[in-house]
Amino acid sequence: MWPSLQRVVAGRATIKNTEVLERIALYLLSNTGQLIIINKIANTLRSSGLKVSNNTIENYLELLHNAFLFYKVPRFDIRGKEYLRSQGKYYVVDLGFIRSQLQRKNINRSSKIENLVYLELLSRGYEVFVGKYNDKEIDFVAQKDTDVKYIQVTDHIPENSTRESDNFLHLPTGYQKIIITNNWDDVGNIDGIPVIHIIDFLTK
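In structure tokens form, the structure reads like this:
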């Protein structure tokens, strides 16, 4: 069951508009695995008749993160070796919230798998970032001491598609690169990059 957001954030801040807070939380659930941009949230809320400032949205996002309902994952420019402060992704702490709150069947499975992989990496003690290299995006850069992994996550690899492996092409050598899939037929390797099933990853 989704906790009362007003109760969860009580003591952290005064919530003037609980409807806006709820709508932002639902937006994050609907956009798991997507880059979260303040203006896009604002436009979505305003199009439904809610008047809200960008500052309020930013504050409420911070509250949801601080209340341990969502993890905020920063974006990291691999080539420039710097954090991109204006963008990032949010992953929910409990995947059950996605189904219970969105209440629809056509939930993007890739986003749920990506969320699951993120939670598993955290449980293993990794510090996790969303990677960017030029115009390519790496789902996760996971680091623990000197151990660095580059990870792509997908529900399945479309036939004759090299998109998942292409994102690895120009990354620094010497680090492990992995593609995690939900399709047993994908398992193997692409250009020397191991493709493993999500179950094998979780039970490894």
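Taking the working numbering, the leading residue of the sequence shown gets 71, the next gets one more, and so forth.
Using N, Cα and C, we set each Cβ at its ideal position, and we do this for glycine too.
When the Cα of Val286 is compared with those of Ile269, Ile148, Tyr97 and Tyr130, which residue comes out closest? As displayed, the chain neither begins before 71 nor continues past 274, which places residue 286 out of reach and without an answer.
Which residue wins for smallest C-alpha separation from Ile168, given the options Asn87, Tyr97 and Lys86? Tyr97
Under 9 Å between the Cβ atoms of Leu189 and Tyr161? yes
Unbroken beta strand (DSSP E) run spanning Tyr196, endpoints: Taken as a continuous stretch (DSSP letters only), Tyr196 belongs to no beta strand (DSSP E), as it is neither H nor E.
For the stretch 210-235, list the beta strand (DSSP E) runs that are entirely contained and at least 3 residues long, ordered along the chain. 217-224
Entirely within the stretch 120-170 and at least 4 residues each: give me those alpha helix (DSSP H) ranges in chain order. 124-136
Proximity to Val198 [Cα-Cα], best of Asp205, Asn204 and Asp209: Asp209
Compare the Cα-Cα distances from Phe271 to each of Arg194, Val122 and Ile108 and report the closest residue. For Phe271, the closest of Arg194, Val122 and Ile108 by C-alpha to C-alpha distance is Arg194.
Helix, strand or coil for Thr251? Go by DSSP, reduced to three states. strand
From Glu88 to Leu120, what does the alpha carbon distance come to, in whole angstroms? The residue you asked about is not Glu; residue 88 is Thr in the sequence shown. Rounded to the nearest angstrom, the two C-alpha atoms are 12 Å apart.
In the DSSP output, what is His267 paired with across the bridge? Thr251
Ser235 versus Asn253: straight-line alpha-carbon distance, rounded: 16 Å
Three-state secondary structure assigned by DSSP to Ile298: Residue 298 is absent from the structure shown; the chain starts at 71 and stops at 274.
Using DSSP bridges, identify the partner residues of Lys206. Tyr203
What does DSSP give as the partner residues of Gln246 in its beta bridges? Lys219
Using a Cβ-Cβ cutoff of less than 7 Å, which residues in the same chain neighbour Asn101 once the five nearest sequence positions on both sides are dropped? none
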